[in-house]
Amino acid sequence: MQQERSSDVREDQWGYPVRTSSDQCISNLNSYYQQVLSYGWNCKVILQAADDDEDCALANALAAGLADPSDALRYSERSKRNADRATQYERSVMEALDAIAEGSYDKALSSQSKVLENFPKDLASLKRAQGMAFSRGKSHLMLKFASQVLHVNRDRAYMYGMLAFSLVENDRTDEAEVAARRALSIEKHDVWAQHALCHVFQERQQYKDAIMFMESNSESWERCGSFLYSHNWWHLALCHLEGDDNGNAAGNALRIFDTRIWGDRERAEKDTFAVGLNALGLLLSLQVKGFGEYVGERVSHIAKLFVDESTWHKEWLLDLLVLWSLARSSFIAEARQLLSSLHKRAHMIGSTEEIHQMIVSLASALYEYGSGNESAVSSLLGSKFSARELKVIGASNEQMRVFGHLWATASGLISVGIR
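Going by my numbering, the sequence shown opens with residue -3, and the numbers climb by one from there.
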């Protein structure tokens, strides 16, 4: 490895060497890490880090993944031009980023795992690795990655929030609560730990506790980017929908939808995909719960933004929700086109032929449900339908629960867990 001179190498906040002669570059790189872990609204501070030092390979590699398409190539070329000068740490992270850019999931996951083995203090890489595992329903890997680096991060903010969520997704609820509360004792504004603790309450059906806890922390979400901001409000709305016993469950959920999720026009217009995912998820839950009379106009407004096929295939969960919304809003031709496309793409997720067929069946059921043909849902999903088996689409237990509810309603069942 090339000799690393102190004049052009700085340590990032993890204590790992990054080749840059710019103190401002390393400062903005550290700010980017903070934004990633706190789900902040300013992750694009990494673009400033890259512009602070055009020769910093790592800053430019990270910037390439967040830049607008018209600028991404410029950052990527800068990174590649300086790759030979990069430190071993930088090259390890960049190898993982290259695999992600190539769309090589297995290679990217393997590279991320190596980063964590060799540089376990890098919590931004842990977040990235867990996100990749989550996107394919590999909850066991999320937990493996968190456990792998815990020994060197026991007093670090954000470590325990990531551990807590991975424990929840592996049905280790009691341990998840301990981890989430440990996270909040280190950093009370750890919004991911708040999110994980809400999952714990929901798994236990402690909806009143969840409502009290989330409402008391909701002010801290103002610092979040659009996804987690709307997602935590989505959780709170679901808790009202499931747990309110004052006859105003739908009213409270709709109030949150209208003021905090889709009603936050600045976020909804700027980040339509992120906010739309949570907005449509809540509307489908309202529909399945029997409050369809409040859904029609609201879902139509969102569906119009997803008529163009260029908006499809960003995420599997979003595609499924969009499919339902298009059918529900009488965009039948577009819904059929999306359904056909999802049928053709089901094999891309990997896993087994049985899982492929379950995804196809769920997509078909959502199309029929949105079209008003509710009687077809039960036969399409079948008697052995399990929403949990379909987490390969990149969804949490709680996000999948609405599909379990849909199956149970269509099948005439009264009580339902996630199944």
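A virtual CB, placed ideally from N, CA and C, is assigned to each residue, including glycine.
One Cα belongs to Tyr156, the other to Lys184, and the distance between them is close to 12 Å.
Closest in alpha carbon position to His147, among Leu112, Arg124, Met90, Gly378, is Leu112. Membership of Arg15 in the beta strand (DSSP E) is indicated by the continuous run 13 to 15. Put simply, the region 118 to 132 touches the region 89 to 105. At least three CB pairs are less than 8 Å apart. Look at the beta carbons and you see the region 330 to 340 touching the region 308 to 315: at least three pairs across the two are nearer than 8 Å. Contact fails between the region 389 to 408 and the region 172 to 191, because fewer than three Cβ pairs, one in each stretch, are under 8 Å apart. The alpha-carbon of Gly11 is positioned some 53 Å away from that of Phe287.
When DSSP reads this structure, Arg6 sits in a beta bridge with Val14. The shortest CA-to-CA distance from Ser367 to any of Trp320, Thr348, Lys380 is the one to Trp320. Leu273 has its alpha-carbon roughly 11 Å from the corresponding atom of Phe302. Residue pairing by DSSP places Gly36 opposite Cys220 in a beta bridge. Non-local C-beta neighbours of Ser325 in its own chain, meaning closer than 7 Å and more than five positions away in sequence, comprise Val295, Ser296, Ala299, ordered along the chain.
Ser143 is classed as exposed because its beta carbon has fewer than 16 other beta carbons within 10 Å across all chains shown. With respect to Arg256, Trp229 sits close: the two C-beta atoms are nearer than 8 Å. Under a 10 Å Cβ-count criterion, Met344 is classified as exposed, with fewer than 16 other Cβ atoms of the shown protein chains found around its own Cβ. Taking a contact as a CB-CB distance under 8 Å, the pair Gln31 and Asn24 does not count as one, their CB atoms being some 10 Å apart. Ser357 is positioned such that its CB atom lies closer than 8 Å to that of Leu376.
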